[in-house]
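Student:
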Amino acid sequence: MHKPTTSADILAIIQSANASNTPLEILGHGSKRRIGAPVEDAQILDLSKLAGINFYEPEELVLSAKAGTPLAEIEKLLAKHGQELAFEPMDYAPLLGGKFPKGGKSGTIGGVLATNAAGPRRLKAGAARDHILGIEAVTGRGDLFKSGGRVMKNVTGYDLSKGMAGSWGTLAVLTDVTFKVLPAAETEMTLVLPGLDDAQASVVMAVAMGSNAEVSSAAHLPYTVSATVLGGALKGEPATLLRIEGFPKSVDYRVGQLAKLLKLKSGALPEKQSRTLWREIRDAVPFADGTEKSVWRVSVAPMSGHALVADLRLHSGVDAFYDWQGGLVWLRMESEPDASALRALIEHHGGGHATLIRATEQQRKTTACFHSNPPAHAALTNRIKEQFDPLGILNPARIG
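To convert, count from 1 in the sequence shown and add 12; that's the working numbering.
This is how it looks when you write it as structure tokens:
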């Protein structure tokens with residue numbers, strides 16, 4: 013196992029691995045290691061010692077850190093200054109049942125970019141790729157490069173910083189990352205609309221997102237799921253959830269106006285409960301049941317999610333809940349569908365993609381965990397891979 017402490021160490025390790033055609037498995041804290049195909053017969057490149065804040069300028073809304081810096085450390089620092097990573101990256105620890113470093117949230121800031129992490133606020137704030145300003149990284153060829161800087165700006169040619177987002181360590185090993193940070197909302201409330209079925213909820217969420225209430229997150233929990241969050245405070249009823257954030261008076265006003273607009277039975281969760289609820293939705297806590305039942309993360313058009321689930325239930329036993337206005341569907345399989353059948357069903361409902369997040373070791377070896385690209389996209393992806401890692405030594409086979 014390699015445990016580098018500097019970018020120079022990483023450069024030397026990759027150059028040596030390249031010369032000997034030795035595959036490397038890239039790890040931070042290993043919090044997402046169970047996602048994707050196993051990386052077999054590889055030496056481990058552990059980045060957990062490559063940690064520390066390079067600089068943080070609260071007035072300029074910029075933070076730079078070594079790739080192995082714990083996310084918990086970064087979020088604690090930002091909170092002291094009333095700031096945050098607005099895309100609220102997911103913590104996979106509850107769902108995957110791993111034992112990760114103490115201190116709350118697991119994972120590293122490099123892993124956040126490598127997986128293009130995002131939480132319920134993605135509707136408003138985007139994902140990690142929308143907040144990255146610059147990177148330093150080492151390619152599979154053994155070349156050290158930098159991209160971007162400290163401000164958001166238009167670029168000519170490839171934006172390599174964004175190109176690393178969602179690459180899962182298969183193009184280059186990140187050594188340093190620089191993110192834009194934003195002020196955290198002073199408070200938040202969640203409007204709760206009980207009793208709607210999945211189809212009704214999709215319409216209500218669309219109306220809410222199109223209103224002037226500035227809804228930052230929209231989710232729907234069917235009755236089988238709602239009892240698993242907030243210690244059962246939602247009473248097991250189906251719950252459609254709309255989060256509103258900002259200044260206290262503004263939040264109160266917008267919640268009231270939204271309730272009047274929707275003209276449905278509703279209640280509101282105060283700040284503390286609201287924050288807890290959206291963390292649980294972000295981290296897929298309803299499916300963090302300690303089992304190895306398969307969990308899929310499916311992205312579709314928001315109005316298609318409920319129809320996909322209804323159709324899927326004709327073929328497989330499945331439980332589901334919806335985030336991103338219905339565009340992100342979390343599926344827990346009670347009986348296993350064929351992965352190709354699930355993806356064919358997604359295409360039938362307008363297209364999208366499905367990622368197998370939780371699975372047994374055998375499933376990870378035999379199932380295409382990541383959605384394959386259309387031929388034109390696959391050809392482009394292969395050309396990029398050939399430029400960055402022609403020998404395929406970085407996380408080989410991880411994403412297919």
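Built from N, CA and C at the ideal position, the CB exists for glycine as well.
Classify E100 as buried or exposed, calling it buried when 16 or more other Cβ atoms lie within 10 Å of its own Cβ.
Tutor: Buried, because 16 or more other Cβ atoms sit within 10 Å of the Cβ of E100.
Student: Since E96 contacts L90 with CB under 8 angstroms, what's their CB separation in whole angstroms?
Tutor: Sure, about 5 angstroms apart at Cβ, within 8 angstroms.
Student: Do you know how far the Cα of S229 is from the Cα of P206?
Tutor: Roughly 17 angstroms between the two C-alpha positions.
Student: Could you tell me whether the Cβ atoms of W308 and A231 are closer together than 9 angstroms?
Tutor: No, these two residues do not count as a Cβ contact at 9 angstroms.
Student: Closer than 6 angstroms by C-beta to F67: which residues in its own chain qualify, once you throw out the five before and the five after it? Chain order, please.
Tutor: Within the same chain, F67 has close Cβ partners S76.
Student: Can you tell me where the alpha helix (DSSP H) with R266 in it begins and where it stops?
Tutor: Segment 260 to 274, the alpha helix (DSSP H) holding R266.
Student: Can you give me the C-alpha to C-alpha distance between R133 and S384, rounded to a whole angstrom?
Tutor: If I take the Cα positions, the gap works out to 26 angstroms.
Student: What's the gap between the Cα of G248 and the Cα of L242?
Tutor: Each residue's Cα considered, the two are about 11 angstroms apart.
Student: Taking the Cβ atom as the reference point for each residue, do A455 and P106 lie within a distance shorter than 9 angstroms?
Tutor: Residue 455 lies beyond the range of the chain shown here (13 to 412); nothing can be said about it.
Student: Provide the residue(s) that pair with W308 in DSSP beta bridges, ordered along the chain.
Tutor: Answer is L343, L368, bridged to W308.
Student: If you reduce the DSSP assignment to three classes, tell me which class G116 lands in.
Tutor: At G116 the pLDDT is 45, less than 50, meaning the model places this residue with poor confidence; the figure from the coordinates comes in the next sentence. In the structure shown, G116 sits in coil (DSSP, three-state: anything other than H, G, I, E or B).
Student: Using 8 angstroms for Cβ pairs, my map puts K78 next to A63. What's the rounded Cβ distance?
Tutor: Confirmed, about 5 angstroms.
Student: Grouping DSSP H, G and I as helix and E and B as strand, with all else coil, what is P206?
Tutor: If DSSP states are grouped into helix, strand and coil, P206 belongs with the strands.
Student: Which first and last residues belong to the alpha helix (DSSP H) in which D323 is found?
Tutor: Where D323 is concerned, the enclosing alpha helix (DSSP H) stretches over 317 to 324.
Student: Can you tell me which of G338, K272, V204 puts its alpha carbon nearest to the alpha carbon of L254?
Tutor: Nearest option by C-alpha distance: V204.
Student: What residues are listed by DSSP as bridge partners for Q95?
Tutor: Bridge partners of Q95: P195.
Student: Excluding five sequence neighbours on each side, which residues of the same chain lie with their C-beta closer than 7 angstroms to the C-beta of T127?
Tutor: Same-chain partners within the cutoff: K44, G178, W180.
Student: Taking DSSP's pairing of strands, which residues face M201 in a bridge?
Tutor: DSSP output for M201 lists I256 as bridge partner(s).
Student: Does DSSP put N66 in a helix, a strand or coil?
Tutor: Here N66 sits in strand by DSSP.
Student: In the DSSP output, which residue or residues are listed as bridge partners for S229?
Tutor: Looking at the DSSP assignment, S229 forms a beta bridge with R255.
Student: Do L39 and L59 count as a contact pair if the criterion is CB distance below 9 angstroms?
Tutor: In this structure, L39 lies closer than 9 angstroms to L59 by Cβ.
Student: Among residues of its own chain, excluding the 5 on either side of V216, which ones have a beta-carbon nearer than 8 angstroms to its beta-carbon?
Tutor: Excluding sequence neighbours, V216 sits near L205, L208, T252, L274, L276.
Student: Is there contact between the stretch 280 to 299 and the stretch 351 to 359, where contact requires at least three CB pairs shorter than 8 angstroms?
Tutor: No, the stretch 280 to 299 is not in contact with the stretch 351 to 359.
Student: How would you call V341, buried or exposed, if buried means at least 16 neighbouring beta carbons within 10 angstroms?
Tutor: It is buried - the Cβ of V341 has at least 16 other Cβ atoms within 10 Å.
Student: Confirm, please, whether the CB-CB distance from H14 to I47 is below 9 angstroms.
Tutor: In this structure, H14 does not lie closer than 9 angstroms to I47 by Cβ.
Student: Assign G362 to buried or exposed, taking buried as 16 or more other Cβ atoms, counted over all protein chains shown, within 10 Å of its Cβ.
Tutor: Per the 10 Å Cβ criterion, exposed.
Student: With DSSP collapsed to three states, give me the class of F333.
Tutor: Here F333 sits in strand by DSSP.
Student: Between which two residues does the alpha helix (DSSP H) harbouring V237 extend?
Tutor: Here the alpha helix (DSSP H) through V237 covers 235 to 238.
Student: So who's on the other strand from V74, going by DSSP bridges?
Tutor: For V74, which the question treats as bridged, DSSP gives the partners E69, K192.
Student: D53: buried (16+ other C-beta within 10 angstroms of its C-beta) or exposed?
Tutor: It is exposed - the Cβ of D53 has fewer than 16 other Cβ atoms within 10 Å.
Student: Taking the beta carbon of T372 as the centre, do at least 16 other beta carbons fall within 10 Å, making it buried, or is it exposed?
Tutor: Result: exposed.
Student: Across which residues does DSSP place D295 in a beta bridge pair?
Tutor: Paired residues: none, contrary to the question.
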